[in-house]
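*Asks:*
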Amino acid sequence: GAGVSQSPSNKVTEKGKDVELRCDPISGHTALYWYRQSLGQGLEFLIYFQGNSAPDKSGLPSDRFSAERTGGSVSTLTIQRTQQEDSAVYLCASSPRTGGYEQYFGPGTRLTVT
Amino acid sequence: AQSVTQPDIHITVSEGASLELRCNYSYGATPYLFWYVQSPGQGLQLLLKYFSGDTLVQGIKGFEAEFKRSQSSFNLRKPSVHWSDAAEYFCAVFSGGYNKLIFGAGTRLAVHP
Chain A
1 GAGVSQSPSN
11 KVTEKGKDVE
21 LRCDPISGHT
31 ALYWYRQSLG
41 QGLEFLIYFQ
51 GNSAPDKSGL
61 PSDRFSAERT
71 GGSVSTLTIQ
81 RTQQEDSAVY
91 LCASSPRTGG
101 YEQYFGPGTR
111 LTVT
Chain B
1 AQSVTQPDIH
11 ITVSEGASLE
21 LRCNYSYGAT
31 PYLFWYVQSP
41 GQGLQLLLKY
51 FSGDTLVQGI
61 KGFEAEFKRS
71 QSSFNLRKPS
81 VHWSDAAEYF
91 CAVFSGGYNK
101 LIFGAGTRLA
111 VHP
C-alpha cells in the first residue's frame with residue numbers, strides 16, 4: 001500500500017517568511033509524529049498526535065512552530081517567521097497503534113532558509 | 001536519561017565482507033529497539049525491531065540484530081555486505097513515557113568494491 005507522503009519535497013524560503021509542510025500518513029494509522037533532522041542536532045522529536053487526544057508538543061523548539069492534524073489524518077507543520085537555524089529536513093512518521101512502537105517515515109521535506 | 005549511543009560515526013567495509021554496527025542504549029524498562037536505514041536524500045526505512053522474545057531478530061535486506069540486556073546493546077549485523085548497503089544507519093529506542101523515538105547519532109557505512 002501507499003506509504004507516508006510529504007510535500008513539498010524541497011522548500012526554499014526567505015528569512016522571516018512563514019512555511020507550511022504537509023504530511024499524509026498511512027491510511028488507518030492513528031499515531032503521527034514529526035521529527036527534524038539537522039547536521040548539528042541529529043534526529044529530534046517535535047510533536048506527536050494520537051487519535052483525538054491533545055498532541056504532545058514537548059519537542060517543539062519555539063512558539064514559532066505549530067502543527068495540526070485534521071480529521072485524524074493529514075497533518076500540517078507550520079513554522080512562522082523562519083530563521084536560518086530552522087533549515088533542516090523535516091520528517092513525518094505514522095504508526096498503526098497507540099504507543100507507536102514501529103514508525104514508518106515519509107521521504108521528508110528539506111527546508112532551506114536563506 | 002534515556003539515550004542511544006552509536007560509537008562509530010563512519011565505517012568502511014569491502015563488498016562481501018561481514019558487518020557489525022554497534023548500538024548501546026540507556027533505558028530503565030524493557031526497551032523497544034529499532035534499526036533504520038537512510039539512503040542519501042531519502043527518509044528512514046525500518047530494517048528490524050525488537051519488542052520481546054527471541055533476542056536475535058531478523059530484518060529486511062539480510063540484516064539481523066541481537067539484543068543483549070546485560071550489555072545494553074542491540075548490534076546490527078550482516079554476513080555479506082553489498083554495495084547497495086552503503087547508507088546511514090540509525091539505532092533507536094522507543095520512549096513510551098515520552099511517546100517518541102530516541103535516535104542515536106547514526107553510523108555512515110561506505111562499501112568498497
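Here the protein sequences come in this chain order: A and B. The first sequence begins at 1 in our numbering and counts up one residue at a time. The second sequence begins at 1 in our numbering and counts up one residue at a time. All C-beta atoms in this analysis are idealised placements derived from N, C-alpha and C, irrespective of residue type, glycine included.
Can you name, in chain order, every residue of its own chain whose Cβ lies under 6 Å from the Cβ of residue 40 (chain B), other than the five neighbours on each side?
*Replies:* So no residue of the chain qualifies.
*Asks:* Could you check the C-alpha separation between residue 110 (chain A) and residue 46 (chain B) for me, to the nearest Å?
*Replies:* Rounded to whole angstroms, residue 110 (chain A) to residue 46 (chain B) spans 20 Å at the Cα level.
*Asks:* In whole angstroms, give me the CA-to-CA distance for residue 56 (chain A) and residue 15 (chain B).
*Replies:* So the two alpha carbons sit approximately 44 Å from each other.
*Asks:* For residue 24 (chain B), go through chain A and note every residue whose CB falls closer than 9 Å to its CB, in chain order.
*Replies:* Within 9 Å Cβ-Cβ: nothing; residue 24 (chain B) doesn't reach chain A, min ~16 Å.
*Asks:* Helix, strand or coil for residue 85 (chain B), going by three-state DSSP, please let me know.
*Replies:* In the structure shown, residue 85 (chain B) sits in a helix (DSSP, three-state: H, G or I).
*Asks:* Please compile the residues from chain A whose C-beta is within a distance smaller than 9 Å of the C-beta of residue 117 (chain B).
*Replies:* Residue 117 (chain B) is absent from the structure shown; chain B starts at 1 and stops at 113.
*Asks:* Locate the beta strand (DSSP E) running through residue 63 (chain B), then write down its first and last residues.
*Replies:* Careful: residue 63 (chain B) lies outside any beta strand (DSSP E) and carries neither H nor E.
*Asks:* Considering only DSSP beta bridges, list what residue 24 (chain B) is partnered with.
*Replies:* DSSP lists B:5 and B:73 as partners of residue 24 (chain B).
*Asks:* Measuring only between beta-carbons, confirm whether residue 63 (chain B) sits less than 8 Å from chain A.
*Replies:* No, residue 63 (chain B) lies away from the interface with chain A (no Cβ there is under 8 Å from its Cβ).
*Asks:* Tell me, please, whether the CB atom of residue 105 (chain A) is closer than 8 Å to any CB atom in chain B?
*Replies:* Taking Cβ atoms only, chain B reaches closer than 8 Å to residue 105 (chain A), which makes this a yes.
*Asks:* Does the stretch 29-36 of chain B come into contact with the stretch 86-105 of chain B, if we say contact requires no fewer than three beta-carbon pairs (one atom in each stretch) closer than 8 Å?
*Replies:* They touch, by the three-pair rule.
*Asks:* Would you kindly work out how many angstroms separate the C-alpha atoms of residue 111 (chain B) and residue 83 (chain B), rounded to a whole number?
*Replies:* Answer to the nearest angstrom: the Cα atoms are 5 Å apart.
*Asks:* Could you tell me if residue 21 (chain B) is buried or exposed, where buried requires 16 or more neighbouring beta carbons within 10 angstroms of its beta carbon?
*Replies:* Result: buried.
*Asks:* Can you list, in chain order, the stretches of the beta strand (DSSP E) that have 3 or more residues and sit fully within the stretch 31-59 of chain A?
*Replies:* Correct list: 31-38 and 42-50.
*Asks:* Give the interface partners of residue 17 (chain B) over in chain A, defined as CB-CB distance under 8 Å, in chain order.
*Replies:* In chain order: nothing, as chain A lies at least about 27 Å away.
*Asks:* Starting from the C-beta of residue 115 (chain A), find all residues in its chain whose C-beta is less than 8 Å away, skip the five residues before and the five after it, and write them out in chain order.
*Replies:* This structure cannot settle anything about residue 115 (chain A), because the visible part of chain A is limited to 1 through 114.
*Asks:* Check the C-beta distance from residue 26 (chain A) over to residue 4 (chain A) and give it rounded, since I have them as a contact under 8 Å.
*Replies:* Yes, residue 26 (chain A) and residue 4 (chain A) are in contact; Cβ-Cβ is about 6 Å, under 8 Å.
*Asks:* Taking a Cβ distance cut-off of 9 Å, strictly less, list which residues of the stretch 29-60 of chain B are near chain A, in chain order.
*Replies:* Those would be 32, 34, 36, 38, 41, 42, 43, 44, 45, 46, 49 and 51, in chain order.
*Asks:* Give me the Cβ distance between residue 35 (chain A) and residue 99 (chain B), rounded to the nearest whole Å; I'm assuming they're in contact under 8 Å.
*Replies:* Not really, about 12 Å apart at Cβ, beyond 8 Å.
*Asks:* Could you tell me the boundaries of the beta strand (DSSP E) in which residue 109 (chain A) lies?
*Replies:* Residue 109 (chain A) -> beta strand (DSSP E) spans 109-113.
*Asks:* Would you identify the three-state DSSP class for residue 85 (chain A), choosing helix, strand or coil?
*Replies:* Looking at residue 85 (chain A) - three-state DSSP - the assignment turns out to be helix.
*Asks:* Expressed to the nearest angstrom, what Euclidean distance is found between the alpha-carbon atoms of residue 19 (chain A) and residue 79 (chain A)?
*Replies:* Taking the straight line joining both Cα atoms gives about 5 Å.
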